[in-house]
Every structure is written in C-alpha cells, then in structure tokens.
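Written below as structure tokens is the structure these notes are about.
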Amino acid sequence: MSLEKNILVKLNNVGIQQNDKWLVKGVSLEVEKGKIVTLIGPNGSGKSTTAKIALGIYKNIEGKVEKFTNNVGYVPQKISIDWTLPLRVKDFMVLTDNIKDELIDEALSLTGVIHLKEKNLGNLSGGEFQRVLLARAISKKPELLVLDEPVQGVDFTGEIALYELIKKISEKLNCGILLISHDLHTVMSATDHVVCLNGHVCCSGSPKDVARNNEYKALFGEQASQTLSVYEHKHDHEHSIDGKIKKN
Amino acid sequence: MFDDFFIRALVAGIGIALVTGPLGCFVVWRRLSYFGDTLAHSALLGVTIAYTLDFNIAVAIFITSSIIALILVKLERKTNLPGDALLGLLAHSSLAVGLVVIGFLTFIRFDIMGLLFGDILAVTTDDLLIIWIGGAIILLVLKLIWKPLFASTVNYELAEAEGLNPNRAKAIFTILIAAIIAISIKMVGLLLITGLLIIPTAMARNISDNPQKMVIFSIIGGLLSVFLGLFSSLEFNTPSGPSIVAAALILFIISLFKIKQTIQLKN
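Residue numbers (the working numbering), protein chains in the order written: chain D, 5 to 252; chain L, 16 to 282.
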C-alpha cells in the first residue's frame, strides 16, 4: 500500500496513433515520489510523446494514464513564444500559478538567471531561456516534474550544474521527476530508473541493468559501450530505420 | 453641442472601449483578427432575424455569431480546408445571405449604412443598459478565465500539462467575442468592429513591454479613439464607426514614433 501511495503518475500500456502510424505503443511506467525516471532513446522514438501522454496533453490515447497529483511542473522540449505578446521573465514565471515573489527569486537564483528577471523573454539566449524554463517549473514546488531535454543549449559547466540541481530538487522537494535526456553520462549517474524507448519499451530498469541490456547496446551502439564499459551482449531483435521490429 | 443622443453615444462608447481593450489584446495575441471579422459579418444575419421576429438585436446577433463559431469548429474538423479559407467562406457567405434576406424583407425599412458602419443616433437608453451590463459580464468572465487563457496563449501545452484546462477557456473566449460584437454593433457597425478590437491593441503593443501595460494602453487607446471619433462624427457629420476607427489609426501612427525610438536605442 505504501508503495501505491508514493506513485505520482502511472502509465499502463499506453500508446498513440497518428495517421495510422503508432508514435509509441505499449508503454508502461510509473514515477514515484523522490525518484528520477529517465526516458532515453533515439530521435523519433517517442520520448516526448510519452511525456506528453503522461501529462495528459494528448487525449485520444490507448491504454490508461493515472495521475495522482495536480501540482505539475513541465519543461517542454520545444517552446515558441509569439512576439506579438510582450513578456518579461517575471511575467512568464507566474504563467500557470500565482507564485510568491521570494519563491520566484529563489528559483531564478538556483538556475543562475536572477539577473534576467526584468528582461524580455525575446531578448534571452537559448541557454538563458532554458534556465528560465527550468526555474519556472521548479518555482511552484511541484510534486511531479516533467523535464524534456531541460539543459539543451546550456553551456557545458552549466549543464553539469543544472543536472546536479535537478537531483538536489528531487531530494529536497521529494518530488518525482520524469526526465528525457540524450546525455547518457548524466542519465547513468543521476537516475533511479531508466526506460529505453524506441516506439515501444525496449528495456527498462536501473541504469546498470539497462546498460547491461542488449537492446540498449543495439540502440546506442559504440558510444554507449564506450561510456559504460563493456558488458557482454546478444540481440533478440533489431529495429529497421522506420522503427519497426525485426526479429532475429 | 452636448445633445442627449451624443451623451448616450459617448457613454456607450466608453462602455465598449473598456471591454474591447482587454479582449482585443487576446484577439491580437491569439491571431484571431480574421475570426472576429467573420463573427462580425455574420451579425447581419442576426440583425435580419431580430427584425423579422421582432427580437432584441443584441441577443439575436449574439446567438447567430455563436452558431457561426460552432459551425467553424465543425468545418475545421470535417474538411481539409485551411482555417483562413473557412473563415472567408463563412464571413462572406453569411454577409451575403444577410443582405439577400434584407432584400426580401421589403416591409421593413433598413438603415443598411447604419448597420455596416455604425450610427450614433441609433443608440437608445436600452442599448446603454445592454452595453454596460453585458460589458460588465464580459469583463467579469474574462477575469475568471484570464489565467488559463493567458497561459495557453503563451503556450498551450504548458497550460494543459499544468492543469489549467485551456480548451474550456478558449471556448468561453469565443463566446465573449460574439458577445462584444453583439453589444457594439450599433455604435461601430459590423464592418468595422474588428478595427476597434485590433487597432488600439496594435497601438498598445508598440508602446508596451509587458502584458499588463499592453491591456491598459489598449483600453486607453480605445477610449481616446471613441472620444476623438465621436466628436469628429458630430462635428463633420461622418458615420460614427469609421470616425472611431480612423481616430484609432491616427493613435497607431503616433505610436510608431515611439517604437522607432526603442529600436534606435537597441542599436
């Protein structure tokens, strides 16, 4: 029972079709309080789609999503702000919630962009904007954080600092984090549970287990084996270029 | 100079400008100018229905505009036509049908020019009540849906993900546009009401760096346009709608100097 209580969002065999093609299919996963679940997979493998299903953005899905919290912070992968709308960083921070000023300052300081508070969003660089996005998501002290490539465009030292921050946040707020990342180093060091996607769940488990998994190696190949030393492996299926499964 | 009808027109204009300011901001932010135009064009149908059935004009316009908005949503789902083509289709066909129906209603004398371009002489005390009560309701509802509407205007997925129900806010906002068209048609006319929604807002955009300022400047711009427009309408005997919109245009042109300064500062 206690385990059940800790679950923030649970995906049960979900999938979504677009123009008769499955974007993702048969994905099951759950995010618990204080845990970081990371989705990895090649481009077009349905990572962002899975995150959006978990968030309830996509409605016409197969399977079942159970969300046990409404206090959600989201950093989308792509966000385009229309410049017909003049928006300062501090306006953006209170977009979905009326957050107290000191909490806004705290979050902006944590991600290192407090000096940009009065600036217009349109004048920020890509990395600065990304830090603001992350600050906005954490400022409301969410129970569930969904971070879709949260450090894209951030400089190298910043990237490490932000991943450390994300880990600290999950401990401090005891919130669950669904993280999408292409950075295998980080994934393997900071994550409790890894789900390897390629249109479906290829494999999942602790970072160690996944690194040892053959499908993971088949997907990530050379790079992965270099980062994660050598584990013995064998394939039981392959993916063709369009993501379809070919049995060996 | 301050004849009774003129005071009425002024009070009506103030009521309308207070509402078109904030609504206009959302129309511009959400790129709905042509959508507003379509609903306004369809208002003519509402007017003919009101005359035929001896019904309140504002209510009839509100109902027809809402129905047209619903039809648009249906057509968007059922056809492969782009949104602007569907808007054009609905705007012009509803205007055409409205004018044809008027042609049949030979037993009623219509002031078509008044309908198309507004007529300050036509504003009655009843209209004032409708404008101020209707306007107050529109502003109240807009305040209630402000958060989800604004958040989804910035980014739909953020609003949806963080539990703000943007679809409901969007549907309610559509009804609010139909409502403002219904209450302001007598003053501004159905061909020009979108002008009053957009031009003061466009002026406000040139001189604002945040959304709150833009809403306030948009309201001020609307009020100034109404004052300037109505006085010149009285002075030069011009129709009220075009006078108000032309005044708004002058304010917009003035605001361009301000934007030029900011751009120079940046460089």
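We put the beta carbon where it would ideally sit given N, CA and C, even for glycine.
Between residue i and chain D, is the shortest Cβ-Cβ distance under 8 Å, so that the two count as touching?
i, result
"residue 178 of chain L", "yes"
"residue 17 of chain L", "Confidence is the limiting factor: at residue 17 of chain L the pLDDT is only 48, short of 50, which leaves the residue's position unreliable and the question unanswerable from this model."
"residue 270 of chain L", "no"
"residue 220 of chain L", "yes"
"residue 262 of chain L", "no"
"residue 229 of chain L", "yes"
"residue 65 of chain L", "no"
"residue 44 of chain L", "yes"
"residue 186 of chain L", "no"
"residue 225 of chain L", "yes"
"residue 173 of chain L", "yes"
"residue 168 of chain L", "yes"
"residue 282 of chain L", "With a pLDDT of only 47 at residue 282 of chain L, under 50, the local geometry of the prediction cannot be trusted, and no value is derived from it."
"residue 26 of chain L", "no"
Starting from residue i and walking both ways along the alpha helix (DSSP H), at which residues does that stretch end?
i, result
"residue 221 of chain L", "208-221"
"residue 250 of chain L", "226-251"
"residue 107 of chain L", "98-119"
"residue 49 of chain D", "Taken as a continuous stretch (DSSP letters only), residue 49 of chain D belongs to no alpha helix (DSSP H), as it is neither H nor E."
"residue 68 of chain L", "48-68"
"residue 80 of chain L", "72-93"
"residue 39 of chain L", "19-44"
Using a Cβ-Cβ cut-off of 8 Å, state whether residue i counts as contacting chain L.
i, result
"residue 162 of chain D", "no"
"residue 61 of chain D", "yes"
"residue 83 of chain D", "yes"
"residue 92 of chain D", "yes"
"residue 95 of chain D", "yes"
"residue 236 of chain D", "Only weak support exists for where residue 236 of chain D lies, its pLDDT of 35 falling under 50; the value from the coordinates is given anyway. Not one chain L Cβ lies under 8 Å of residue 236 of chain D."
"residue 76 of chain D", "yes"
"residue 89 of chain D", "yes"
"residue 100 of chain D", "yes"
"residue 213 of chain D", "no"
"residue 105 of chain D", "no"
"residue 124 of chain D", "yes"
"residue 80 of chain D", "yes"
"residue 196 of chain D", "no"
"residue 155 of chain D", "no"
"residue 150 of chain D", "yes"
"residue 24 of chain D", "no"
"residue 86 of chain D", "yes"
On the premise that residue j lies in contact with residue i, defined as a C-beta separation below 8 Å, what is that separation, rounded to the nearest angstrom?
i, j, result
"residue 79 of chain D", "residue 137 of chain D", "5 Å"
"residue 201 of chain D", "residue 43 of chain D", "6 Å"
"residue 44 of chain L", "residue 86 of chain D", "7 Å"
"residue 234 of chain L", "residue 36 of chain L", "3 Å"
"residue 10 of chain D", "residue 32 of chain D", "With a Cβ gap of about 17 Å, residue 10 of chain D and residue 32 of chain D do not count as contacting."
"residue 212 of chain L", "residue 42 of chain L", "5 Å"
"residue 127 of chain D", "residue 90 of chain D", "Rounded, the Cβ-Cβ distance is 11 Å, inconsistent with contact."
"residue 55 of chain L", "residue 145 of chain L", "That belief does not hold up - the Cβ atoms of residue 55 of chain L and residue 145 of chain L are roughly 17 Å apart, past 8 Å."
"residue 74 of chain D", "residue 178 of chain L", "5 Å"
Terminal residues of the continuous beta strand (DSSP E) containing residue i?
i, result
"residue 150 of chain D", "148-152"
"residue 179 of chain D", "Run containing residue 179 of chain D: none; DSSP gives neither H nor E here."
"residue 36 of chain D", "25-36"
"residue 19 of chain D", "11-22"
Do we get a CB-CB distance below 8 Å when we pair residue i with the residues of chain A?
i, result
"residue 109 of chain D", "Included in the structure are the protein chains D and L, with no chain A among them."
Note to self: Extract the residue ranges of the alpha helix (DSSP H) inside the region 68-144 of chain D, only unbroken runs of 4 or more that lie entirely within it.
What the structure shows: 93-97, 105-114, 130-143
Margin query: With three or more beta-carbon pairs closer than 8 Å as the criterion, would you say the region 242-253 of chain L touches the region 216-228 of chain L?
Written below: no
Check: Which runs of the beta strand (DSSP E), 3 residues or longer, sit entirely within the region 129-206 of chain L?
Finding: none
Item checked: At least three beta-carbon pairs within less than 8 Å, the region 62-78 of chain L to the region 189-200 of chain L -> Look at the beta carbons and you see the region 62-78 of chain L touching the region 189-200 of chain L: at least three pairs across the two are nearer than 8 Å.
Checklist line | Runs of beta strand (DSSP E) lying entirely within the region 172-214 of chain D, each at least 3 residues, in chain order | finding: 180-184, 197-201, 205-209
Notebook entry, point to check: Given 8 Å as the limit, is there contact between the region 168-177 of chain L and the region 17-30 of chain L, that is, 3 or more CB pairs closer than that?
Noted result: Contact between the region 168-177 of chain L and the region 17-30 of chain L is absent: fewer than three C-beta pairs spanning the two stretches fall below 8 Å.
Next item on the list: Assess, as a yes-or-no matter, whether the region 140-160 of chain D is touched by the region 197-217 of chain D under the definition of 3 or more beta carbon pairs within less than 8 Å.
Entry: no
Notebook entry, point to check: Using 8 Å as the threshold, is the region 65-73 of chain D in touch with the region 38-54 of chain D, meaning 3 or more CB pairs across them?
Noted result: no
Note to self: I want to know whether the region 161-181 of chain D touches the region 15-30 of chain D - three or more CB-CB distances under 8 Å.
What the structure shows: no
Item checked: At least three beta-carbon pairs within less than 8 Å, the region 261-273 of chain L to the region 56-69 of chain L -> For the pair of segments examined, the region 261-273 of chain L was found not to touch the region 56-69 of chain L: the number of CB pairs separated by less than 8 Å stays below three.
Note to self: Count Cβ pairs between the region 134-150 of chain L and the region 213-220 of chain L that sit closer than 8 Å; are there 3 or more?
What the structure shows: No, they do not touch.
Item checked: Segment contact, 8 Å Cβ cut-off, at least three pairs: the region 161-172 of chain D with the region 181-199 of chain D -> yes
Check: Does the region 51-61 of chain L come close enough to the region 251-261 of chain L that 3 or more CB-CB pairs lie under 8 Å?
Finding: no
Check: Is the region 68-78 of chain D in contact with the region 106-119 of chain D, if contact means three or more CB pairs nearer than 8 Å?
Finding: Taking one beta carbon from each stretch, the region 68-78 of chain D and the region 106-119 of chain D have fewer than 3 pairs nearer than 8 Å; the two do not touch.
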